[in-house]
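*Asks:*
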Amino acid sequence: MGIKEWHPFDQPREKLIAFGASSLSDAELLAIFLRVGVKGKSAVTLAQDLLDEFGDLHSLLTAEQSYFCQAKGLGVAKYAQLRAVLEMSRRHFESGLKKGDTMNAPELSAQYFMQQIGHSQREQFGLMLLDQQHQMIAFEIVFWGTVNQASVHPRELVKLALKHNAAAAIITHNHPSGKPHPSQADRSITATIKEAFALVEVRLLDHIIVGDHGRWHSMAQAGEI
């Protein structure tokens with residue numbers, strides 16, 4: 000039986016319209032993205048097979064292009080479509096913050112950072128600069144690679160803070176395939192950056208580490224700053 004023969008409220012698109020996107024399972028959401036199935040499988044069945052193959056939705060969305068494209072029912076066109084959807088989501092969230100939202104809670108900062116670097120397979124280090132009201136002035140990816148004293152240069156962060164006349168800052172980096180708990184190197188570089196910012200009267204509010212599967216850790220929330 001094809002999806003069109005299902006009860007309307009069992010069809011993913013109609014269910015979404017009637018009850019909202021949050022009412023759908025991962026497979027149903029993915030089925031809407033796929034639009035069609037393959038011979039002998041509905042879009043929902045194909046979606047569930049793909050989730051089983053990749054492990055979960057996060058792993059599918061962050062898969063390398065070569066791995067993603069070789070899966071049945073996907074391919075280069077779907078990969079391009081997915082990347083476009085993820086980028087639109089990132090820009091949508093970013094544009095809302097630029098309208099003056101205040102970064103006054105670790106949850107809000109973490110959500111933003113997950114949009115920026117949470118899907119990256121490469122470790123990245125970012126700097127968010129804030130004004131006196133803790134509204135975002137700018138966000139930049141400033142370093143790539145392992146976070147340690149050799150790769151992260153506090154002087155460059157201070158230069159950016161002065162350039163934007165920032166009053167406060169939040170730093171972030173990702174652990175692409177691991178837990179978001181800080182290492183000793185993370186703690187050490189955080190202390191060094193905090194001291195460097197203090198010399199120019201910029202407050203380091205937090206260091207948020209983004210892990211895999213949407214997990215994150217706030218060093219400020221944990222009392223580590």
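Heads up: the sequence shown begins at 0 in numbering that gives the first Met the number 0, then just goes up one per residue.
Ideal placement from N, C-alpha and C gives every residue a C-beta, glycine not left out.
Because the structure is a prediction, the values reported are computed rather than measured.
So, using beta-carbon positions, are I136 and L128 closer together than 7 Å?
*Replies:* As a first step, residue 136 is located in the sequence shown; it is residue number 137 there, counting from the start. As a first step, residue 128 is located in the sequence shown; it is residue number 129 there, counting from the start. Going by C-beta atoms, I136 is nearer than 7 Å to L128.
*Asks:* I'd like to know whether the C-beta atoms of L225 and G72 end up nearer to each other than 7 Å.
*Replies:* It is not possible to answer for residue 225, since the shown part of the chain is limited to 0 through 224.
*Asks:* Quick one: what's got a C-beta closer than 7 Å to G222's C-beta in the same chain, skipping five residues either side?
*Replies:* Translated into positions along the sequence shown, residue 222 becomes position 223. Excluding positions up to five away in sequence, the list is empty.
*Asks:* Following the continuous alpha helix (DSSP H) through D25, name the residue where it begins and the one where it ends.
*Replies:* On the sequence shown, position 26 is the one that residue 25 refers to. Counting along the chain, the alpha helix (DSSP H) containing D25 begins and ends at 25-33.
*Asks:* If you drop the 5 nearest sequence neighbours on each side, which residues of the same chain put their C-beta closer than 8 Å to that of L22?
*Replies:* Taking the sequence shown and counting its residues from 1, one reaches residue 22 at position 23. In the sequence as displayed, the identity of residue 22 is Ser instead of Leu. Excluding residues within five positions, the ones whose Cβ falls inside 8 Å are K14, L15.
*Asks:* When the Cα atoms are used, what is the spatial distance from A104 to A168?
*Replies:* Taking the sequence shown and counting its residues from 1, one reaches residue 104 at position 105. Taking the sequence shown and counting its residues from 1, one reaches residue 168 at position 169. Going from the Cα of A104 to the Cα of A168 covers about 13 Å.
*Asks:* How many Å lie between H133 and H174 at the Cα?
*Replies:* On the sequence shown, residue 133 is found 134 positions in, with the first residue counted as 1. On the sequence shown, residue 174 is found 175 positions in, with the first residue counted as 1. Approximately 26 Å between the Cα atoms of the pair.
*Asks:* Kindly examine the ligand MG and report whether one of its heavy atoms sits closer than 6 Å to the Cβ of S217.
*Replies:* With respect to the ligand MG, the structure offers nothing, as it holds no ligand at all.
*Asks:* Suppose only complete runs of 4+ residues qualify. What are the alpha helix (DSSP H) ranges in the segment 67-136, listed by chain order?
*Replies:* 75-97, 105-116
*Asks:* What separation, rounded to the nearest whole angstrom, lies between the Cα atoms of M102 and R89?
*Replies:* Counted from its first residue, the sequence shown places residue 102 at position 103. Counted from its first residue, the sequence shown places residue 89 at position 90. One C-alpha to the other measures close to 17 Å.
*Asks:* Less than 8 Å between C-beta atoms, sequence neighbours within five positions excluded: which residues of the same chain meet that for R154?
*Replies:* Translated into positions along the sequence shown, residue 154 becomes position 155. The residues are A195.
*Asks:* With 16 as the cutoff for other CB atoms within 10 Å, does V209 come out buried or exposed?
*Replies:* To locate residue 209, count along the sequence shown from 1; it is residue 210. Classification of V209: buried, given that the 10 Å Cβ count is 16 or more.
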